[in-house]
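Visitor: Residue numbers (this note's numbering): 295 to 445. Ideal placement from N, C-alpha and C gives every residue a C-beta, glycine not left out.
#1: Return helix, strand or coil for residue 298, following the three-state DSSP convention.
#2: Quick one: what does DSSP say residue 399 is sitting in, helix, strand or coil?
#3: Within the continuous alpha helix (DSSP H) that includes residue 332, where are the two ends?
#4: Just the Cα atoms here: how many angstroms apart are residue 303 and residue 327?
#5: State yes or no: is the C-beta of residue 305 within less than 8 Å of the C-beta of residue 331?
#6: For the putative contact between residue 333 and residue 361, defined by C-beta atoms under 8 Å, what is the C-beta separation to the nearest angstrom?
#7: Return the Cβ separation of residue 310 and residue 324 in integer angstroms, given the expectation that the two are a contact with Cβ distance under 8 Å.
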């Protein structure tokens, strides 16, 4: 019993970290991990019950096939629901969907002048007369690396 709890805790922690790396907030990642572990535990318990009960081999095989078929169909239903909601409500974010990564998209202001289009808008950090006088200063280690990379 103790090993089972430790295993579920490790699974929950792993799913939490994966959700965090996918860009979810801490609260959302915690909820995703709890739901995923709960579903996985229920499926594992069902499968174990089928295997341990006094069924004939044929009945066990049939029940396991039904369980696997239901899991596969469930994935299809999830994909269909996701696509349908994207098509029907493209602007509506799904709060409990673990597959949606919400990113902050920054739209550029079209009225802002580009600094690359006009030569008059240069930053003028270096004066053109001083450019030939500039010397390259580099750490010896970086010079060695550049030489080795070129070889």
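Guide: Considering the structure as presented:
#1: helix
#2: coil
#3: 320–346
#4: 10 Å
#5: yes
#6: That belief does not hold up - the Cβ atoms of residue 333 and residue 361 are roughly 13 Å apart, past 8 Å.
#7: 6 Å
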